[in-house]
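J.:
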Amino acid sequence: AQSVTQLDSQVPVFEEAPVELRCNYSSSVSVYLFWYVQYPNQGLQLLLKYLSGSTLVESINGFEAEFNKSQTSFHLRKPSVHISDTAEYFCAVSSNTGFQKLVFGTGTRLLVSP
Amino acid sequence: NAGVTQTPKFQVLKTGQSMTLQCAQDMNHEYMSWYRQDPGMGLRLIHYSVGAGITDQGEVPNGYNVSRSTTEDFPLRLLSAAPSQTSVYFCASSPEELPQETQYFGPGTRLLVL
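Protein chains in written order, with the working numbering: chain Y, 788 to 901; chain U, 234 to 347.
Below, the structure is given as structure tokens:
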């Protein structure tokens, strides 16, 4: 079984500042990792995912995440945030064998202020 | 192409009442699932389906029933509503098993059980 820990429930940051949202996972098997974003009153949208290959993955809007197997982490980073990045971010994991089901973390609310 | 649609958007029930949350997708996706989102707990999988006529339980299936008579529709039934089922419910679909394809989420149904 897999589990995901997002230690920060809320991260306040000023516009144009860098941000890191932390995600650690636990699994006895190899995994795939995801970050989803949820804007207010909307469903979840996939931000980026790690399946295999390069451990650094990027999204089209400037976010990136690095898979670190030894530390079982998949932290999300952005060098300069915008007001429009205000949202809730969910880290998720699935096994890469058999039938995969997503297991989500509890979410981190990113609050960007001017 | 409407993607994943959910009805109703909001619903208030009394304890003991039954109701069906509707979910439909027009992308011919084989895989569909239902999640509930509760504060501080992220999203948890209720039931899922890998194709018409095939359903299985997720992490929190008690009190819910599903069926999949067509590829397009995946309704979630609450048999006898309880206050503990107050939550936001999301339906999702993807064209094949994770993780090669992204899961597409609907806008959600907010349910209040009094």
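All C-beta atoms, glycine included, are put in the ideal place defined by N, C-alpha and C.
Please name the residue in Y:H862, Y:Q829, Y:V880, Y:Q832 whose C-alpha comes closest to that of Y:V844.
T.: The residue with the shortest Cα to Cα distance from Y:V844 is Y:H862.
J.: Tell me, which residues are paired with Y:F891 by DSSP?
T.: Beta-bridge pairing links Y:F891 to Y:A879.
J.: Considering only the alpha carbon of each residue, which of Y:V806, Y:H869, Y:L889, Y:S871 lies closest to Y:C878?
T.: For Y:C878, the nearest C-alpha among the options comes from Y:L889.
J.: So, using beta-carbon positions, are U:S326 and U:M260 closer together than 9 Å?
T.: Yes, they are a contact pair.
J.: State the DSSP-derived secondary structure class of Y:I870, mapped to helix, strand or coil.
T.: Of the three classes helix, strand and coil, the one that applies to Y:I870 here is helix, per DSSP.
J.: Consult DSSP for U:P316 and reduce its assignment to one of helix, strand or coil.
T.: Note: U:P316 maps to helix in three-state DSSP.
J.: So with CB distances below 8 Å, who are the chain Y contacts of U:Y281?
T.: Those are K888, listed as they occur along chain Y.
J.: Across the segment 812-819 of chain Y and the segment 242-258 of chain U, are there enough close Cβ pairs to call them in contact, namely three or more that are closer than 8 Å?
T.: They do not touch, by the three-pair rule.
J.: Would you kindly report the start and end of the unbroken beta strand (DSSP E) that includes Y:P799?
T.: 797-801 is the extent of the beta strand (DSSP E) around Y:P799.
J.: Compute the Euclidean distance between the alpha carbons of U:P308 and Y:L833, then round it to the nearest angstrom.
T.: Each residue's alpha carbon lies about 23 Å from the other.
J.: Beta-carbon of U:A315 versus every beta-carbon of chain Y: anything under 9 Å?
T.: Taking Cβ atoms only, chain Y never reaches closer than 9 Å to U:A315, which makes this a no.
J.: Name the two residues that bound the continuous beta strand (DSSP E) containing U:R277.
T.: Here the beta strand (DSSP E) through U:R277 covers 275-284.
J.: Let me know the secondary structure DSSP gives U:D259 once reduced to three states.
T.: In the structure shown, U:D259 sits in coil (DSSP, three-state: anything other than H, G, I, E or B).
J.: For the candidate residues U:M265, U:Y297, U:L344, whose alpha-carbon lies nearest to that of U:I287?
T.: Closest option to U:I287, Cα to Cα, is U:M265.
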